[in-house]
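Residue numbers (the UniProt record's numbering), protein chains in the order written: chain A, 1 to 514; chain B, 1 to 341.
Structure follows, in structure tokens:
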């Protein structure tokens, strides 16, 4: 192992480097927290009940809930009853966004959740396993005066899973059922300014369509999109980070090639990890601002998938190469047992994702969870992936255990060794322990940040730290680059490794936001 | 009971708004002048935000409906008058019933305005600068705050202004302000948190949560519970300010969410021509088997009751659609009906 730097660096330098990294990270967290808003926003919509007065249904007619040319509205269905309006003539209209606002491509994606307000009536209860059949159309326009252009139209079925928590008596008539949120729509790009949803719940008694779904009082929607400010900060971080990682990667690989021996497996894996990290970091999302690329969401998923499988493989191989049991590994095929579950698991998730988000490219209202077969299939994929993850984790634990066992074995025999051998093993041990410590620290920080963000939700935008975090890892690497001009292949190992967990708690940060 | 007329603001006079159906909808500023029951400051608010007034009116109607539902089995059943105040004299005194009416009214305005926001009827709402916690950068940078913040803020400015204009010193004003706030708290502290995961493949690595308003029936139930456990208070001086403290010092002090009242309620047994809204319980239906307040013993105040056999035409074996269609057979049956003497 020529040119390992971390073993022969002085403690002082190591401490200085550690503190600098920590400072950068803290600084980046602050910047992220202060500048970036929370990652996503949820907006509530209450569907306006429009009356379709036309005798023959025109497909091109769109109903606006408010503003000029708004539809004929009714406040509640008692009014409809009095006016003898039928269920088939009622259109629930929702305009996204609310008045005087505009959507923007910076929102990146938009997903919409549907909720029915269903009142309990003794004689009109929700039947078990009843399906709501929804006839829904989505239209867009880019100014407030032009005609609406249809974007998608579909008949969808959603299973109502509602329960009534109090006793089913006359006394409790008028209380609402508690219904699960229903996934409704997902679009991977927000290229237009205004969107309009027209929802109908057609009734057909003969075909048992929308019969036994109780007394619907209201339809509520919640739309979720990424905040424009967050997107901008995030893109800025990515744009800043990508070249730095790229430069370090090239520099690293050049160093390796300059050595007389061919690169070992570990070094190749580090390069692969670097490539996958660059791949996930390249800010191709910039294009989504100019182009209407709905597949961006799917593409992002795939990139993340590749990165994670690479990271998991790296951990396994890193442990394997530090086993110190005299076996010659240095070949990828040796690790098939451990890497196999990763590949298989991520393949399962890929298929699942294609079934969900892939289909959504053509029909934004599609959800694999809406049908029973789909739910089972999706669950099957996820369970298989979960089993793979467990398998992987067991392998990893076992390997770490083996390494520690070998370390303590080597420790006892260290004094008896020749100086060169001793130094080699001491180096290995030190590096490994350092790495374990860093991993532990990262895990601890993940947990701490998670807890903090849970405690003071919203006040301090930890979620914003996500972008900052990448920033900090970028700083880690660049800091290391400037500080130690020696051949620090091994240090890059550790640093690249540090990056993995930061990526992960970038995620947790986002998740922990609320 | 006049649901066929519009009210705006009565007890807290705006409830009269629910009785003003003759006005149709409140569209222009002139209508504000013609609304009865509003004080000058409220008329100003009305003119400044005319588009909200329809929602306020719906809120007033909601408050009356909910009040009548919650009190359907009690001696005082929240019956309304054609004249003002809509609920009669009862609520102009500092009774428990008044506490309930104030709380449910403040809550209903916040509720109705929030709903109007979500349906797009109003333009300011969550992005309004009067709402606490709105980011200066606006909707595209970081989104707006929840509409409920606007609903509550509007309820505070519109409903409370009546008491504030009287000056803080009067103990009635203090009581009403407290109960108004308690009503709004009944919504705020029962907001449901709902979450959606939308990470890679829909996993929970990215999650967005939001708060959803409880159904108004739930709000009514909460305030009714607070009514049952309301605290009798009196005014005391704490330093330079006047505060309401429990009359019985053994009781623990009330919280922001509890209802308070100043004087005990009458028994509501007899019709009192001098007290509008005091209809008494003569002719009210009661439940012979119940020992509670809806039981004939208590409801009729010991005057006894009479029993009649009545034929009731009921709907049976009905077919429903989710909206607007019911097809039933008519079933006739004989029932015993008990009414108070």
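Ideal Cβ placement from N, Cα and C applies to all residues, glycine included.
- Here residue 365/A is buried. Its C-beta has 16 or more other C-beta atoms within 10 Å.
- Rounded to whole angstroms, the gap between the alpha carbons of residue 91/B and residue 337/B is 31 Å.
- Distances from the CA of residue 280/A to each of 384/A, 413/A, 242/A and 86/A were compared; the closest alpha carbon is that of 242/A.
- Proximity of the region 35-54 of chain A to the region 222-236 of chain A meets the contact definition, three or more beta-carbon pairs being nearer than 8 Å.
- When DSSP states are grouped into helix, strand and coil, residue 103/A belongs to the coil group.
- Residue nearest to residue 272/A within the set 296/A, 285/A, 282/A and 253/A is 253/A (criterion: CA-CA distance).
- Take residue 130/A, set aside five residues on each side of it, and the residues of its chain with a beta-carbon closer than 7 Å to its own are 160, 212 and 213, in chain order.
- With distances taken between CA atoms, residue 335/A lies nearest to 320/A out of 320/A, 288/A, 325/A and 349/A.
- DSSP, read as helix, strand or coil, puts residue 78/A in helix.
- Excluding its 5 nearest sequence neighbours in each direction, residue 78/B has C-beta neighbours in its own chain below 6 Å: 67, 68 and 71, listed in chain order.
- Fewer than three pairs of CB atoms, one per stretch, sit closer than 8 Å, so the region 116-127 of chain A makes no contact with the region 141-156 of chain A.
- An exposed status is given to residue 328/B, since fewer than 16 other beta-carbon atoms sit within 10 Å of its beta-carbon.
- Against chain B, the beta carbon of residue 66/A has neighbours under 7 Å at 120 and 121, listed in chain order.
- The alpha-carbon of residue 153/A is positioned some 16 Å away from that of residue 183/A.
- Chain B places no beta carbon closer than 8 Å to that of residue 147/A, leaving this residue out of the contacts.
- The three-state reading of DSSP puts residue 168/A in coil, since its state is none of H, G, I, E or B.
- In terms of Cβ geometry, residue 134/A and residue 197/A do not form a close pair [threshold 8 Å].
- In the structure shown, residue 157/A adopts extended strand secondary structure according to DSSP, grouped into three states.
- Interface annotation, residue 147/B: in contact with chain A, CB-CB separation under 8 Å.
- For residue 77/A, the C-beta contacts it makes with chain B under 9 Å involve 322, 323 and 324, in order along the chain.
- At least one CB atom of chain A sits nearer than 8 Å to the CB of residue 198/B.
- Under DSSP, residue 194/A forms a beta bridge with 141/A.
- Out of 303/B, 307/B and 333/B, the CA that lies nearest to the CA of residue 315/B is found in 333/B.
- Between the beta-carbon of residue 103/B and that of residue 180/B there is about 7 Å, and that keeps the pair under the 8 Å contact cut.
- Residue 261/B carries a strand assignment under DSSP once its states are collapsed to helix, strand and coil.
- With respect to chain B, the C-beta atom of residue 195/A has no partner C-beta closer than 8 Å.
- Within the same chain, and ignoring the five residues on either side of residue 341/B in sequence, the residues whose Cβ sits closer than 8 Å to its Cβ are 282, 300, 303, 304, 305 and 306.
- Comparing C-alpha distances from residue 105/A to each of 117/B, 109/B, 140/B and 93/B shows the shortest one belongs to 140/B.
- Identification of chain A residues near residue 183/B by a Cβ-Cβ cut-off of 7 Å yields none; the smallest Cβ-Cβ distance measures about 19 Å.
- When Cβ pairs closer than 8 Å are counted between the two stretches, the region 173-193 of chain A is seen not to touch the region 69-83 of chain A, the count staying below three.
- Residue nearest to residue 267/A within the set 41/A, 256/A and 240/A is 256/A (criterion: CA-CA distance).
- CA-CA distance, residue 276/B to residue 269/B, rounds to 14 Å.
- In the three-state DSSP reduction, residue 193/B falls in the strand class (E or B).
- Around the beta carbon of residue 82/A, fewer than 16 other beta carbons sit within 10 angstroms, so the residue counts as exposed.
- Nearest Cα to residue 199/B within the set 298/A, 155/A and 173/A: 298/A.
- Using a Cβ-Cβ cut-off of 8 Å, residue 329/A does not count as an interface residue toward chain B, since no Cβ of chain B sits closer than that to its own.
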